[in-house]
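Visitor: Below is one structure. I have some questions about it.
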Amino acid sequence: MRNTESKRDEIPETFSSYEEAAEFWDTHDSTDYLEHMTPVEMDARLE
């Protein structure tokens, strides 16, 4: 079971570049930030 009380970095309000965002998410697990995510519905057609 994941320790949900562990310290984690805050998500920056903005990233100065796509590279900065990529570096952040390369070193952080998005599942640690689920409370910041908004569910969406989408349809996809795979060809």
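The opening position of the sequence shown corresponds to residue 0 in numbering that gives the first Met the number 0, with each subsequent residue numbered one higher.
For glycine and all other residues, C-beta sits at the position ideal for the given N, C-alpha and C.
Could you give the distance in angstroms between the alpha-carbon of V39 and the alpha-carbon of E19?
Guide: As a working note, residue 39 is residue 40 in the sequence shown. As a working note, residue 19 is residue 20 in the sequence shown. Distance between the alpha carbons of V39 and E19 is about 25 Å.
Visitor: Ends of the alpha helix (DSSP H) at A20?
Guide: Residue numbering aside, residue 20 sits at position 21 when the sequence shown is read from its first letter. Segment 17 to 25, the alpha helix (DSSP H) holding A20.
Visitor: Among H35, I10, E46, which residue has its Cα nearest to the Cα of T26?
Guide: For the purposes of this step, residue 26 is identified with residue 27 of the sequence shown, where counting begins at 1. Selected option, being the one with the closest Cα: I10.
Visitor: Please state whether DSSP places L33 in a helix, a strand or coil.
Guide: Position 34 of the sequence shown holds residue 33. L33: helix per DSSP, three-state reduction.
Visitor: For D8, which residues in the same chain have their Cβ closer than 7 Å to its Cβ, ignoring the five residues on either side in sequence?
Guide: Mapped onto the sequence shown, residue 8 falls at position 9. Hits under 7 Å: H27.
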